[in-house]
Structure formats: structure tokens, C-alpha cells
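Line by line, the protein sequences are chains A and B.
Going by this note's numbering, the letters in the first sequence line up with residues 2 to 325, in that order.
Going by this note's numbering, the letters in the second sequence line up with residues 121 to 641, in that order.
Beta carbons: idealized from backbone N, C-alpha and C, even for Gly.
Reading through the C-alpha cells given below for one structure.
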Amino acid sequence: MTIWILRRLFQAVLVMLAMTVIVFVGVNVIGDPIEILISPDADQAERLRAIAALGLDKPLWEQYLRFLWGALHGDLGRSFVFNEPALRLIGQRMPATLELAVTAVLMAVILGIPLGLLAGLYPNSLFGRAAMAGSILGFSLPSFWVGLMFIMVFAVQLGWLPSTGRGATVTVLGVPWSFLTRDGLAHMAMPAFNLALGNIALVLRLTRSGVRENLPMDYVRFARAKGLSPQRVVFVHVLKNIMIPVVTVLGLQFGSTVAFAVVTESVFAWPGMGKLIIDSINVLDRPVIVAYLMMIVLMFVTINLIVDLLYTVLDPRVRIGGAE
Amino acid sequence: MAGRGFALLTAALLGASPASAQSLVMALSGSPTSADPHYHTFSPNITLDSHSYNSLVDMDPKSRPIASLADSWKLVAPDTWEFKLHPGVKFHNGDDFTADDVAYTLARVPTVPNSPGSFAIYTKSVIATEIVDKLTIRMKTAGLYPLLPIDLTQILIIPKRLGPNPLNEDFNNGRNAIGTGPYRMVSYKSGDRVELERFDGYWGTKPHWANISVRMIPNDGARTASLLAGDVQFVEFVPTSDVARLSADKRVALSETDSLRLVFLWLNRSHADAPPFVTGPNGEALATNPLNDLRVRRALSMGINRAAIVERVMENAAIPANQFMAPGVSGHVSDLPPIPFDIARAKALLAEAGYPKGFRITLHGPNDRYVNDGKIVQAIGQMWTRIGVETKVDAMTWTTYINRASKQEFSAFLLGWGISSGEASNPLRALVHTYDAASGWGSVNRGRYSNPKLDGMIKAAMGVADDGAREKALIDAERVAMQDVALIPIHIQKNIWAMRAGLTYIPRADERSLAMDLRPQ
Numbered sequence: 002m003t004i005w006i007l008r009r010l011f012q013a014v015l016v017m018l019a020m021t022v023i024v025f026v027g028v029n030v031i032g033d034p035i036e037i038l039i040s041p042d043a044d045q046a047e048r049l050r051a052i053a054a055l056g057l058d059k060p061l062w063e064q065y066l067r068f069l070w071g072a073l074h075g076d077l078g079r080s081f082v083f084n085e086p087a088l089r090l091i092g093q094r095m096p097a098t099l100e101l102a103v104t105a106v107l108m109a110v111i112l113g114i115p116l117g118l119l120a121g122l123y124p125n126s127l128f129g130r131a132a133m134a135g136s137i138l139g140f141s142l143p144s145f146w147v148g149l150m151f152i153m154v155f156a157v158q159l160g161w162l163p164s165t166g167r168g169a170t171v172t173v174l175g176v177p178w179s180f181l182t183r184d185g186l187a188h189m190a191m192p193a194f195n196l197a198l199g200n201i202a203l204v205l206r207l208t209r210s211g212v213r214e215n216l217p218m219d220y221v222r223f224a225r226a227k228g229l230s231p232q233r234v235v236f237v238h239v240l241k242n243i244m245i246p247v248v249t250v251l252g253l254q255f256g257s258t259v260a261f262a263v264v265t266e267s268v269f270a271w272p273g274m275g276k277l278i279i280d281s282i283n284v285l286d287r288p289v290i291v292a293y294l295m296m297i298v299l300m301f302v303t304i305n306l307i308v309d310l311l312y313t314v315l316d317p318r319v320r321i322g323g324a325e
Numbered sequence: 121m122a123g124r125g126f127a128l129l130t131a132a133l134l135g136a137s138p139a140s141a142q143s144l145v146m147a148l149s150g151s152p153t154s155a156d157p158h159y160h161t162f163s164p165n166i167t168l169d170s171h172s173y174n175s176l177v178d179m180d181p182k183s184r185p186i187a188s189l190a191d192s193w194k195l196v197a198p199d200t201w202e203f204k205l206h207p208g209v210k211f212h213n214g215d216d217f218t219a220d221d222v223a224y225t226l227a228r229v230p231t232v233p234n235s236p237g238s239f240a241i242y243t244k245s246v247i248a249t250e251i252v253d254k255l256t257i258r259m260k261t262a263g264l265y266p267l268l269p270i271d272l273t274q275i276l277i278i279p280k281r282l283g284p285n286p287l288n289e290d291f292n293n294g295r296n297a298i299g300t301g302p303y304r305m306v307s308y309k310s311g312d313r314v315e316l317e318r319f320d321g322y323w324g325t326k327p328h329w330a331n332i333s334v335r336m337i338p339n340d341g342a343r344t345a346s347l348l349a350g351d352v353q354f355v356e357f358v359p360t361s362d363v364a365r366l367s368a369d370k371r372v373a374l375s376e377t378d379s380l381r382l383v384f385l386w387l388n389r390s391h392a393d394a395p396p397f398v399t400g401p402n403g404e405a406l407a408t409n410p411l412n413d414l415r416v417r418r419a420l421s422m423g424i425n426r427a428a429i430v431e432r433v434m435e436n437a438a439i440p441a442n443q444f445m446a447p448g449v450s451g452h453v454s455d456l457p458p459i460p461f462d463i464a465r466a467k468a469l470l471a472e473a474g475y476p477k478g479f480r481i482t483l484h485g486p487n488d489r490y491v492n493d494g495k496i497v498q499a500i501g502q503m504w505t506r507i508g509v510e511t512k513v514d515a516m517t518w519t520t521y522i523n524r525a526s527k528q529e530f531s532a533f534l535l536g537w538g539i540s541s542g543e544a545s546n547p548l549r550a551l552v553h554t555y556d557a558a559s560g561w562g563s564v565n566r567g568r569y570s571n572p573k574l575d576g577m578i579k580a581a582m583g584v585a586d587d588g589a590r591e592k593a594l595i596d597a598e599r600v601a602m603q604d605v606a607l608i609p610i611h612i613q614k615n616i617w618a619m620r621a622g623l624t625y626i627p628r629a630d631e632r633s634l635a636m637d638l639r640p641q
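Dropping the structure here:
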């Protein structure tokens, strides 16, 4: 088990190294950050000064080695744009994205599983059909369009919810959270639901097909024959058996929800990491791009690890690293 | 179900914050990169900092220099400017503003560490400062430099008591954020919002709003929606596609003016033979560069239907351009005729130049930088094909585009230029003067246009101390540049702001959104 976790971490380090090389070379190929950052009024001398100030006058391999040396000491470089450590910048924006993503995944669980259960138990009812049809819309409509429609309807036309931005925050453990205030929740409702739509549809469909698959199985018939109540059959036996794919998908989806909150964050002007990374890519702020991508890799590896560990809890037959 | 609850909730919230008469929520289209006024020459930074700091000389809405912290300025010797400072000005911490602070600021500007775009370009002409008395300062330049007062409009004054090497972190966290401006910074959240409160000891006209919340909403649709929803009362850079809709909406008022931003085409002049992407009418290589022929350049300029671009592509949020600047701005050449749209004449000019069957070219442009840039190059591509110059269009993202444009990898390409100084020497020196690293002139001459006669005229004009006489000399130089088609002007953008009905804004040529200029009607 320990060896298995260590190997996982080693793989993660390799992936992160590859990522840094790709970003260094990629950003260098795309363009020159100086052209983008510098004042149009700057003369040739000022250009040279700025290039030297950001360390871009050194050959790429030297810049890369300097970066690696810094990274070994926990310093991923300073943002070209903000003159702040890249990690601190990302850290400042992370709570906003995390609370949005967690809320979205919670919505997916709270809405997706019960709806999927109902649709699976009564597949031919009007509700079952409507849920399936609705779920197609859920993951096929482009989220920036849905987001703008939400704003038009709920903020502009009806005036129920604030249109953009993050609400008032409360500082807990030194981190500002907005889900603890009413204003914060009101601001979060639309972007979180917008982010959750695809996940709700996914969880709904997974749950439904799981239920449909499991209902005719012997253990369900046996449980019924034994005289268990229908509630117990569904909620204890069936639900437990369909949770494995749902947990896998939710785990992976949490990662991509964080990583791809970009669209929702820019439509709703949500000050999270996604907005930061898009801004950084637009100005080729290499330290922030590298640090962000490394963090996302780390997050995916960690989530996969947690998902694998959860399997063993849900299904005692799964043994990690047993097949060596 | 929850709708009614939410409605009540939001009603309560609206009542609590932005609706009160003295509070303003405004939205910028870009995020400032720092609250340090000398860190980055980036327009959102300058817009934000203009609320908390003052410069010696300010720009009026038409970008003409006006008195601010300096009451007056004059040349006391050809190489020495003297500024008389306004008495009784206080910093936010209660300190008096004196000549010491000016000298301190000028010394600090070039030393800001890691600056990605230094304000030193506006202070580098000052080689020495001399404090005459508390309210008089002299600045020595290397030879006559008539534009110093205009350059200093970009330099915001900070107090000497910040000491050596103030950190820009300390401007962001508010410790160093001490200016003389009408607003004090309360909090700065990068990429999200900045809170400002009125400074009661402000020396100038008291602004209307007691509290301002500045939000950053780069997404065009979201910015318009926030205004319509009433979450913000004032937005900048209204997208052209929303203008018609907003002007029909009774809840909203618009304010617009001609900007100082010219959208134009460069033609690659760095080659004697055919530049990249230029071939004969059947794809064969050309021995000479057709763009070096004035008749070809005039034909290409004449082949563009500027009225159609302004009306259809820009939805009238621009004016057709025949020169660098709009009417009413210093340096506008009033006797230049509009460039006609004349297909027959363009074809005749091409034939005269030896291209009766035209040639092939690729027109490059960005697609995410200027208003409707991708659509503009597409329209021009079609227009040029009609005069016999078969044009391919390639629009790409700015990060890739600008890098290649700076290396002369294109032959015809679109760019924009904002004339930050509000007068003609700026585009003449930066754009159409010969590229010359030693003097720093022609620094963004990406077409590598070079005309020794024009260079001489620009140099001569810069040696004229009198503002009126210099403007005349610059206008003569502009006329030469335009007649020689140094670049092809397309249009001058309009700046458009939108606000909730009942408010009025004094539109500014320099694109800044200043809460001081926004008032109830």
C-alpha cells in the first residue's frame, strides 16, 4: 500500500516535470510577453530593460534550470504581471474557485442521484422521460450561453439574483469564504448551478442506468423474495452497488470542474483561479501558467488517489496493489 | 419556490449597498495589475490610480494639458522647465504636498523593481531636478524638450515619507497607498474589486460619490448584463453590438466621444524584393516589392470602403480616418481631404504601377485585440480583391500576432495606436519615423517605413519651443506622411460609456473612466 502510494507520487512528479518543459517551450513559441506587457510608448531601450528585468534575456535552458532550482526550494517564480509569487497569487484565488466547484459537485449529488433513482425506477413515466430529455440539454448546451441566459432571466428580467461577481466574504482560518453569508450565497447560486448543470446530467444518467442494470439482478430479486421493504432494497442494496461508477466520475469531474471553471468564472466575473489562468495566458505570464498547471496535475493525482481509496471502502473486494 | 425568497433577499441587499445615493458601483473592462501607480504602464492601472493620485499636469477630456498639482509651468532656459506647485494640497495622511515629493517621485519611478512596463519612459528626459523653494521645482533636460509637461501627465505623485524603495505589495495592501487624489483606497482585491472612499481633505472640487466600488468585468456580455440588472451603475467599453440595444433602453444612458485610437494597416517596407505573402497574380515570385510604389499604396488605400466598415462592421462606433487624429484634437490636419473609395481609380493606379492584373497578398490581423478587428480585416480582404489584389485573410490571437508583426513576418497587417500624449508628435515619432534604436524613435514602426525628408521635419518640429508653432510644424509633417501613405488609416474608434438613466458622464478621449466626472443629472 505505501509502495503503491509512493509510486503514484513518483509518477506525479514525472508528469509535473514534463508539464513544466511543455509550458516553457510552448509559451516561448507562442510569443514574447514583453510585446504584450510593455507600454506601446516604450522605446527600444526600455524594451531591453524590461526583457532583462523579467530574466528573458537569458537562453531558455538557463531560464528553465533557474526555474527548477527555485521550484526545488518551493519558489515557482514571480508573476511577470503582478510581481507577486505565482503560488501566492493562485492561493489567493483558490478559495473562490474551490467553493464554487464544491457547491457545484454537491448540487450534482443532491439533485443528480435522486433524480436518477426516480428515472431508473420509473423509466416509462412522464418524469423518467422528461429527466432523460432534460439531461441531454444539461450537457449539450454550451455553458457560456446558458450562463448568459441565466443572467438575462434571473438578474436582468426578474431581478432575483445579482448578475456577476462574488458576494460578501467572511474570513475563517485566514481565508475569505463567501458561502457563509447570504449575500455570498446569492452571488454563488447562478454560477454554481451553471457549473453543476453538466455534472447533474451526468450523475443522473449514470444513476439511472445503474438502477436499470441492477434491478433485474438476482440479489435484488432475492432481497425482495426475502421480504425486505422496497425502500431498503433500493436505498441500501441497489444504491450501494451503483455508487462505484458514480464516485469515480464525481472524483474526476471534481478535478475538471475546478480546472474548467474558466468559462463560468469569466461569464460571471467570478474572481477565481480560472479567471487568473485565462488572464495569464492572454499576457503569457509564464510563472503563473506553470504554477497553475503543476497544481492542477497534483490535484488530479490526489483525487485519483482518494477515489481509489474510496473504492476499497465501498467494495471490500477491491484490493489496492494486491495484484503485484 | 425559492424565487420569492431570493427576490426579497436581493431587494434587501440592493437596499443595503449600491442603491444608496452616495455609493457608486462601476465596472472596468480590464483588471489593474497593481495598486502601485508606478509599477506598470497599463491603462486599467492608470484609470484606477487617477482616483487616488494626482499628476503635476492633467489631461482635460479632449486630452489637452491642464493644471493639476502644478498651477503653471514655463521654460526658464531652453533646457530647464520650472513648475509652480499648488499651495495647500494635503496627502491622505495629512502631510503637505511640496516640491520634495515631486523630486522623490521622479527619482523613484525608474527604480521600481521587476516592472513589466516602466513609467521611466516619461521621466527619462529629466536629467536633474532642482528644488527652488517649497512650491517651485525645476527640471533640467538634455537640450530643449518641449513635451515634458505632457509626459508628466502620466506620472502620479507619491509622498516622500514612503522612504527609499517602497514595495508594491505595500501599495496593494494599502500601507503605501497615499496620494493627493479625491479618493482613498480602502481595499484592493486583485482581479475582483477595489473599494474607494472620498477623501474629505481633497484640495480640488469635491466629487459626488462618497464610496466607490470598482469591479473588474472583462467579459463584454457580463458587463452589459450587470448594468441592465442594476448591479453596477457605470460601465466602460460598451461593445458595439450592444450600442443599438442600450440606446433604445430607457433605464440606460450612453455617453460617447471620438477617441485617440487609430486603427490602421501597415505595409511591409523592409524588403526591396517581394515581402512575405506577396506574389504575382498567378502565384509567381515578384522581383520588386509592389508596396514600395506610392501608386500601389494609394490604390490599396482607395480600395477600402471606410464608410461601409464604420457603418456595418463598427455599427457607427467609429469615424472614417484619413489621418492620425480626429477633428478637435491638437494636430488634426483640417485641409486633408477624405480618402475616396474609388475602385476604377484604384485599378488604374495599379495598372500605371505595372500591375494591370494586380498581385496576391495576405492581410493579417488580430482577432481579439481591437474592437471587431477580425471582421475589419475580412471586409478589407474582400474590398482589395475587388480592385484586383487577390487577398487572403488570416486573423489570429494577439499573443501570437504581435510577436510576428514586430518581426516583419507579414506584408499587410492591422494594428491600432492610442495617442497617449494627445498631440501629433507621438504618432509621428513612434510610428512613422525611421526605426532607430539610438534615438528611440520609430520604436513601433512595424512596417519599417522610412522617409528621410519626414524624419528631418519631425526632428525640426521637436526643436520648436512654442506650442502653436510646433503644432504647425507637426501638421506639415503629418501631411507628408499621409500623402506618402506611410500607413493606411482606416478609422478612429469612439469611446462609449453606459450608465443608469439619471446619471451623466463627461466622455474622455483618453478612454479613462473617472468617477469624478460621473454625476446625477
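Task: Length of the line joining the Cα atoms of Met89 (chain B) and Pro143 (chain A) - done: The structure shown does not extend to residue 89 (chain B), since chain B is modelled only from 121 to 641, so the question has no answer here.
- [ ] Output, in chain order, the set of chain A residues within a Cβ distance shorter than 7 Å of Gly560 (chain B).
- [x] Asp44, Gln45, Ala46
TODO: Using a Cβ-Cβ cut-off of less than 9 Å, list which residues of the segment 53 to 87 of chain A approach chain B; keep chain order.
DONE: Ala54, Leu55, Arg79, Ser80, Phe81, Val82, Phe83, Asn84, Glu85
- [ ] Buried or exposed for Arg130 (chain A), please, with buried defined as at least 16 other CB atoms from any protein chain shown within 10 angstroms of its CB.
- [x] exposed
Open item on the list: Tell me which residues of the segment 23 to 44 of chain A have at least one Cβ-Cβ distance to chain B shorter than 7 Å, keeping chain order.
Closed with: Ile31, Gly32, Asp33, Glu36, Ile37, Leu38, Ile39, Ser40, Pro41, Asp42, Ala43, Asp44
Open item on the list: Could you check whether the Cβ of Ala223 (chain B) sits closer than 8 Å to any Cβ belonging to chain A?
Closed with: no
Open item on the list: Using a 10 Å radius around the Cβ and a threshold of 16 neighbouring Cβ atoms, would you call Thr225 (chain B) buried or exposed?
Closed with: buried
Open item on the list: If you reduce the DSSP assignment to three classes, tell me which class Lys59 (chain A) lands in.
Closed with: coil
Open item on the list: Let me check one thing: in DSSP terms, what residues is Tyr81 (chain B) bridge-paired to?
Closed with: Shown here, chain B extends from 121 to 641; a query on residue 81 (chain B) therefore has no answer.
- [ ] Check whether the segment 515 to 534 of chain B touches the segment 31 to 47 of chain A, taking contact to mean three or more Cβ pairs, one atom from each stretch, closer than 8 Å.
- [x] yes
Task: Nearest residue (CA-CA) to Val398 (chain B), options B:Tyr475, B:Tyr490, B:Lys182, B:Ile278 - done: B:Tyr475
Open item on the list: Check this for me: beta carbons of Phe203 (chain B) and Ile257 (chain B), under 8 Å apart or not?
Closed with: yes
Open item on the list: Going by beta-carbon coordinates alone, are Gln254 (chain A) and Val106 (chain A) separated by less than 8 Å?
Closed with: yes
TODO: With 8 Å as the threshold, decide whether the Cβ of Asn283 (chain A) is near any Cβ in chain B.
DONE: yes
TODO: Return the first residue and the last residue of the beta strand (DSSP E) that Ile243 (chain A) is part of.
DONE: Segment 240 to 260 is the alpha helix (DSSP H) holding Ile243 (chain A); no beta strand (DSSP E) there.
Open item on the list: Does any residue of chain B have a CB that is nearer than 8 Å to the CB of Asn21 (chain A)?
Closed with: The residue asked about is misnamed: residue 21 (chain A) is Thr in this sequence, not Asn. Chain B contact via Cβ: absent.
Open item on the list: With distance defined between alpha-carbon atoms, name the residue in A:Ala226, A:Ser230, A:Val248, A:Thr170 nearest to Pro326 (chain A).
Closed with: Any property of residue 326 (chain A) remains undetermined from this structure, which presents chain A solely from 2 to 325.
Task: Own chain residues within Cβ distance below 7 Å of Ser379 (chain B), not counting five before or after - done: Ile612, Gln613, Lys614, Asn615, Ala629, Glu631
TODO: Determine the DSSP secondary structure at Arg620 (chain B), reduced to helix, strand or coil.
DONE: strand
Task: Cβ-based contacts, 7 Å cut-off: residues of the segment 141 to 173 of chain A near chain B - done: Leu149, Ile152, Met153, Ala156, Val157, Gly160, Trp161, Leu162, Pro163, Ser164, Thr165, Gly166, Arg167
Task: Selection from A:Leu15, A:Leu315, A:Ala270 that minimises the alpha carbon distance to Pro246 (chain A) - done: A:Leu315
Open item on the list: Using a Cβ-Cβ distance cut-off of 8 Å, determine whether Arg94 (chain A) contacts chain B.
Closed with: yes
Task: Span separating the alpha-carbon of Asp340 (chain B) from that of His206 (chain B) - done: 40 Å
Open item on the list: Contact criterion: CB-CB distance below 8 Å. Does Ala629 (chain B) meet it with respect to chain A?
Closed with: no
Open item on the list: So, under 8 Å CB-CB, Met503 (chain B) and Gly567 (chain B) are touching, yes? Tell me the CB distance rounded to an integer number of Å.
Closed with: Not really, about 20 Å apart at Cβ, beyond 8 Å.
- [ ] Please compile the residues from chain A whose C-beta is within a distance smaller than 7 Å of the C-beta of Asn339 (chain B).
- [x] Ser267, Val268, Ala270
Task: Contacts of Gly237 (chain B) in chain A (Cβ-Cβ under 7 Å) - done: Leu38, Ile39, Ser40, Ala43, Ala51
Open item on the list: Counting only Cβ pairs nearer than 9 Å, list the residues of chain A close to Trp537 (chain B).
Closed with: Pro41
Task: Element boundaries [beta strand (DSSP E), containing Arg566 (chain B)] - done: Taken as a continuous stretch (DSSP letters only), Arg566 (chain B) belongs to no beta strand (DSSP E), as it is neither H nor E.
TODO: Measure the CB-CB distance between Asn216 (chain B) and Leu414 (chain B) and report whether it falls below 8 Å.
DONE: Sequence check: residue 216 (chain B) is Asp here, not Asn. No, Cβ-Cβ distance for Asp216 (chain B) and Leu414 (chain B) is not below 8 Å.
Task: Buried or exposed by the 16-neighbour rule on C-beta atoms within 10 Å, applied to Ala132 (chain B) - done: Note that Ala132 (chain B) scores 41 on pLDDT, short of 50, meaning its location in the model is unreliable; the coordinates nonetheless yield the value given after this. That one is exposed.
TODO: Return the CA-CA distance between Gly139 (chain A) and Gly32 (chain A), expressed in angstroms with no decimal places.
DONE: 37 Å
TODO: Would you kindly work out how many angstroms separate the C-alpha atoms of Pro181 (chain B) and Pro627 (chain B), rounded to a whole number?
DONE: 7 Å
TODO: Identify which residue in B:Val513, B:Asn492, B:Leu456 has its Cα closest to the Cα of Met602 (chain B).
DONE: B:Leu456
TODO: Assuming Asp44 (chain A) contacts Ser563 (chain B) (C-beta within less than 8 Å), just tell me the rounded distance between them.
DONE: 5 Å
Task: Contact with chain A by Ala557 (chain B), beta-carbon distance below 8 Å - done: yes
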